[in-house]
Each structure stands twice: as structure tokens, then as C-alpha cells.
């Protein structure tokens, strides 16, 4: 009975506002190309940028240490990927994935728990805000001092960066209550856990996915940035960026940038499909 | 004969910021097995409060409700099915998943045969894969009726189910409801603020006064069944509409619509 607090839900104002502000356009604006015309244009523009840059750099005799030529960058990437870059990609991926898994799991769990008690939420909110606004890269040197040269300092930094992002967005999702839907479930005899699993969680899911996406971006940022500040003894993509730029080896530097960009785009595409599958009902 | 539903001196007082609001005062009524009773009243007369109390979702301040002789103190999913103001479908589930939702909650095997026959009768068979937002309001409400009827409840509580639909769709839905009811014979309590809808559907119409909601008058409707839309234009029907409108008006503000 307490679940409804004797409120009869209003059926009149069916606004999206009481579902919280959500805009999926950011995630869904890139749609699959439809016609050969579109595909052709996309490829043509890419070729124009790629070879245009190459031509300009050759024309102006720009030295490689000022700006690397695209063809040379791609050639370096292809020739040395398995020998050099695959290892560093793996190091960064490992730190990112481990930290992200820990951070997002804890963030999601905490969000589900604290939204049950408004009082707990008020007490914890300032700390979450501090964690969201403070760049966690700042802690990496400190963690290095305490924990040595392994992967853990970076895993912890990634978890601290991603977790609060997942948490605040998920909490927004869990705060959405639709009394009519809860009443529906209760009228069929649903338990509190069933109401959570079948109503509250699916209702929160679009916001949770947003949280996971924002968290992954912050996590990758922290993994690469942390490596630039104080990498582990195994290196990593961030460590390579610092190394190659200090030696002005710009072809290799460009290759690493390409790998990081590809990683970021892959994460974006992954969440695009996750959002499409699990959150499109709200679009 | 023992009534299916007995409401004894039901009162409900809501505590609000501006003080206590008497939504329902000393309301008593017996509803018999297989009867279709319409509760008619203006907005804010406590008819929805009454229905939510009948469903066991809300508690009364005083008085009690008996279903088959036992007091209703919480939801009774085996015996009661509820149909809500808008269709109240879950937007993240397609039509079939919505209809199967009560089976999941009750952890019962899905009665596919019953669902299929109801889908056929409501003309929804080709739309089971659609998401709610892809369907019209009438189709959504038909799906919610299928969802409730698939559980085969003895009592169906309907809270202004067709209030948001246009007049044509509403007539169509009323006819559909009566056809389904004539086949399965549930006890139905149907809340509405539309006078002609109430007369058109009901065995008895219970008219309520505005706040605090009290029972004003009970009308026995002896229109023959099956009923047709043409009956709504006969002189006897129209006189009854005017009479009910007067009863509600003497109770206070007039918020009823006459169509």
C-alpha cells in the first residue's frame, strides 16, 4: 500500500517531462547510409580530406616533425600494428575495461540503493558531485606513489571517473516513478522486487544507458590521460603519445592517435546499438 | 442472494496541504454477480477513489468492501482485473509482451489459446509485434482489455477507460465491451463521467454527487440487449439523460458532458 501513498496518478498530463529530460538525438543522429548516392558522397568526402591533406603537405614541403602525412601514418600503423601497437592497445583496453567494469557496477548498484531513500541521497549527493567535477587524472601520480608500477592505479582512476557518471545518470532514471504502471503491477499482485525488475528498472534503462555511455567516455579519457601522466611499466597508448611526441616521431604519433580515435568511435557505435535496442521506445 | 461486491459505508478522506478533503462519504452499494454497474458523476466526485478502493490498491478511511463475502484489504489478482484511464501499456514492451505481463507477475504459464481468441475478437491479431506508441488510442485500450480479460477475472473494474477517446471510437469500444461481456459474463463496475455512455452500457447507473462523493440515485436501465447505437437517439433514452443531468445538477456544479 505504501508504494502508492494513496495518490491516484494523473492521466491527463501525459508529458514526457515527468519521464525526465532525455534526448536520444545525440545517440541516434548518425543513421545508416541509405542510398548509393549517400555512400558515394561519404566516401568522396573522406577521400577529399585524406588525399587533400596529403597533397597540401607535399606541396608546401611541410616536414614530418611539423605535421605527419596521412599516407605515411597509415603505412606506419599497418606495418607495426602487431609488433608494437597491439600490445599498447591491449594495455590501455585492459585498464579501461577493468576500471569501467568496477566503476559502473558500483555506480549502478549505489544508484539503485540510494534512490530508495531520499535522505541517503541528500547526504551522499555532495560527494558524488565532487567526484564528477574533479578530474580523476589528478590522482594518478598519487596512486602511483602508493601502489607502484602496475595497472591498479589506472584501473582505480578509471573506476573513479566512470562510476560517478554512471551513478548520477542511473539515479535520475531510478527516480522516475510512474504510479499508474506501479499500480498496474500491484493489481496483479507484484512484489516489491517484481515492481523493481519489471517496472522501475526498464523505466530507468534509457537513463542508465546514457550514464554508461558518458561513463565510458570519461573512463577512456582517464585511461589515456593517466598513462600520459604516469603510465605503468607496460606502457599504453597514452605513454606512447608522450614518448613519440618527445622524440618528434610524428608518423608513429599519428598512428597512435588513429588507434585512440578508432577506440572512441567503436565505443560510440556500440552504445548507439545498445540504445537503439533497449531505449528506442522512448525516442 | 449474496452480492458479488458489497460496499458498506465507504468513506475516504485525503490529507492535503490545504486541509482534509472528503472524497467519498458513507457510500453503500451491492453489485450482483454478472451485473454491469456504471458509476456516474462529475470530475472530482470520488468515483475513481471508490474504484481504486474496490481494487484493493487504496485503503478506505472508514467502511469496508466485501468481495464474495471476504473483506478487500489488498489487491486480489485472481478475482479482480483493472482497466485504467489511459491504456496504461508498458511502452518498452510490444503488444504481446504487454498482454503476457500479468502472467509473468503471477508466474503462471501463458494461456496462448485464450490470448489468441481475444486478439481475434478485438481485431489486434496483426499488431502483436507493434509497440504501444505505434498504435492508436483505441487499439491501445483494446490491448489493455485483452490484457485484463486474458486473466479471466470474475470482476472487472474500469476507470473511465474510454474517456480519452473520440466519440466514434468510444461507441465502437462500448459495443466491443458489451459483446465480450455477453460471452464471458463478468461482474463489471464501470466508472464514467459520460451520461449516455453510462446508460448505454449499464444494468444499473449509480449517480454520485460532487465532493463529498455520495450516492445520489440508482437507476435501473431496462433497455433490451443486445443494445445498438441507434438506441441512444430514442426519446426514452434522451429523457433519461436529461433526468440524470438534473440529478447531478441539484447536487451542485455541473461538470457532466452530454453527447
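Residue numbers (the numbering used here), protein chains in the order written: chain S, 1 to 283; chain P, 1001 to 1259. Think of the CB as a built atom: it goes at the ideal place given N, C-alpha and C, for glycine as much as any other residue.
Taking C-beta atoms as the reference points, residue 1023/P and residue 1213/P count as a pair closer than 8 Å.
Comparing alpha carbon positions, the residue from 1168/P, 1215/P, 1228/P and 1237/P closest to residue 1221/P is 1237/P.
The beta carbons of residue 1137/P and residue 1156/P sit no closer together than 8 Å. Against chain P, a Cβ distance below 9 Å from residue 276/S picks out nothing, because the smallest value is about 13 Å. Contact note: residue 170/S does not reach chain P at a C-beta cutoff of 7 Å; the least C-beta distance is about 16 Å. For residue 186/S, the C-beta contacts it makes with chain P under 7 Å involve 1057 and 1075, in order along the chain. Collapsing the DSSP output to three states places residue 1163/P in coil. The C-beta distance from residue 259/S to residue 85/S rounds to 6 Å, short enough to meet the 8 Å contact threshold.
Taking C-alpha positions only, residue 140/S is separated from residue 96/S by approximately 14 Å. Under the three-state reduction of DSSP output, residue 1006/P falls in the strand class.
As computed with DSSP, residue 1014/P is found in a beta bridge with 1021/P. It is roughly 21 Å from the alpha-carbon of residue 183/S to the alpha-carbon of residue 1043/P. From the listed residues 197/S, 229/S and 67/S, the smallest Cα separation to residue 145/S is found for 229/S.
Using a Cβ distance threshold of 8 Å, residue 1100/P and residue 1110/P count as a contacting pair. Against residue 112/S, chain P offers no close residue; the least beta-carbon distance is about 18 Å (beta-carbon pairs closer than 8 Å).
Looking from the CA of residue 272/S, the closest CA among 214/S, 132/S, 196/S and 108/S belongs to 214/S.
Residue 1007/P sits buried, since 16 or more C-beta atoms from the chains shown fall within 10 Å of its C-beta. Using a Cβ distance threshold of 8 Å, residue 115/S and residue 175/S count as a contacting pair. Among the residues facing chain S, residue 1088/P is included, as its CB has a counterpart in that chain under 8 Å away. The beta carbon of residue 1047/P does not come within 8 Å of any beta carbon belonging to chain S, so the residue lies off that interface. Runs of the beta strand (DSSP E) lying entirely within the stretch 1188-1229 of chain P, each at least 3 residues long, are 1204-1208 and 1215-1220 in chain order. Residue 1113/P counts as exposed, since fewer than 16 other beta carbons sit within 10 angstroms of its beta carbon. Scanning the stretch 139-204 of chain S from its first residue to its last, no whole beta strand (DSSP E) run of 3-plus residues comes out. A Cβ-Cβ distance of about 5 Å is found for the pair residue 245/S and residue 253/S, placing them in contact under the 8 Å criterion. Distance from the CA of residue 1021/P to the CA of residue 1250/P, rounded to the nearest whole angstrom, comes to 21 Å. Between residue 179/S and residue 1195/P, the alpha-carbon positions lie close to 28 Å from each other. For residue 1064/P, the enclosing beta strand (DSSP E) covers residues 1062-1067. The distance from the Cβ of residue 208/S to that of residue 173/S is about 5 Å, consistent with a contact at the 8 Å cut-off. By the Cβ-count criterion, residue 1230/P is exposed, with fewer than 16 other Cβ atoms from all chains shown falling within 10 Å of its own Cβ.
Here residue 219/S is near residue 100/S, since their CB atoms are less than 8 Å apart. The beta carbon of residue 1233/P is closer than 7 Å to none in its chain, skipping five residues each way along the sequence. Residue 1090/P holds the alpha-carbon nearest to the alpha-carbon of residue 1130/P among 1060/P, 1071/P and 1090/P. Using a C-beta cut-off of 8 Å, the stretch 1025-1038 of chain P makes contact with the stretch 1185-1204 of chain P, since at least three inter-stretch Cβ pairs fall below that distance. Under the Cβ distance rule, residue 1004/P does not count among the residues neighbouring chain S, no pair being separated by less than 8 Å. For residue 1071/P, no CB of chain S lies under 8 Å from its own CB, so it is not counted at the interface with that chain.
Residue range 1080-1083 is occupied by the beta strand (DSSP E) that includes residue 1082/P.
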